[in-house]
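What follows is a short report on a single structure.
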Amino acid sequence: MDERLIGLWSDRMLYPSDVESAELAFRGDGSGWLYWSSWSTEFTVSRYTWAAFTPGALVLKFHRTVNGTWSIEDGITRHDVESDKKEEAVIEVGYGITPGADPFGNPVTLLSLDRPLDDHLAGSRFAWAEKPESLSDPSADAPRPGPTSPH
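For the sequence shown, UniProt numbering gives the first residue as 1, with consecutive numbering after it.
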């Protein structure tokens with residue numbers, strides 16, 4: 001396992017004016033998620049397990065996708081889940097971790113994938129988020145739609 005991957009990576013600081021952003025999270029236990037959100041208040045969380053046993057080769061095994069909307073209330077981002085489905089996808093990508101710069105010339109550590117994660121609405125370049133709020137899936141405690149009542 002490549003310990004350098006553990007943490008939160010975001011494309012937000014690389015593309016600050018984009019209306020969409022994506023983050024990749026890698027936990028030390030081999031779990032993680034891809035979080036995509038847009039200014040239109042839509043979001044998707046694609047959960048996966050990951051492995052990087054060979055330097056430069058990353059395997060993501062996606063197993064669940066959660067979609068919905070987000071809002072900000074009292075300065076706190078809230079997620080409302082509208083769809084929670086199983087997923088079965090395995091993506092193998094090459095990667096590199098190198099020094100780089102954001103658009104303003106500030107130094108960042110870059111995670112570059114050999115191709116974009118198009119099926120999950122993400123690109124191929126992410127910067128290390130030095131101060132992640134947490135390594136908790138943003139939709140983990142989000143309200144889910146209740147069972148429909150028969151009428």
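Even for Gly, the Cβ is constructed at its ideal location relative to N, Cα and C.
{"Item": "How far does the beta strand (DSSP E) with R64 in it reach, from first residue to last?", "Value": "57 to 73"}
{"Item": "What does the alpha-carbon distance come out to for the pair Y35 and E23?", "Value": "5 Å"}
{"Item": "By how many angstroms is the C-alpha of T41 removed from the C-alpha of W70?", "Value": "5 Å"}
{"Item": "Reducing DSSP to helix, strand and coil, say where R4 ends up.", "Value": "helix"}
{"Item": "Distance, Cα to Cα, Y15 vs V90?", "Value": "27 Å"}
{"Item": "Taking the straight line between their C-alpha atoms, what separation do you get for E3 and K86?", "Value": "28 Å"}
{"Item": "Considering just the uninterrupted stretch of the beta strand (DSSP E) at P138, what are its terminal residues?", "Value": "Neither: P138 is in no beta strand (DSSP E) and is coded neither H nor E."}
{"Item": "Can you list, in chain order, the stretches of the beta strand (DSSP E) that have 3 or more residues and sit fully within the stretch 93 to 136?", "Value": "107 to 113, 125 to 128"}
{"Item": "Who are the Cβ neighbours of R125 in its own chain at under 8 Å, not counting the five residues just before and after it?", "Value": "D11, L14, L110, L111, S112, L113"}
{"Item": "Kindly identify the DSSP beta-bridge partner or partners of D84.", "Value": "V66"}
{"Item": "Considering Cα atoms alone, identify which of D141, N106, L117 is closest to W128.", "Value": "N106"}
{"Item": "Report the rounded CA-to-CA distance for D118 versus D74, giving the unit in angstroms.", "Value": "33 Å"}
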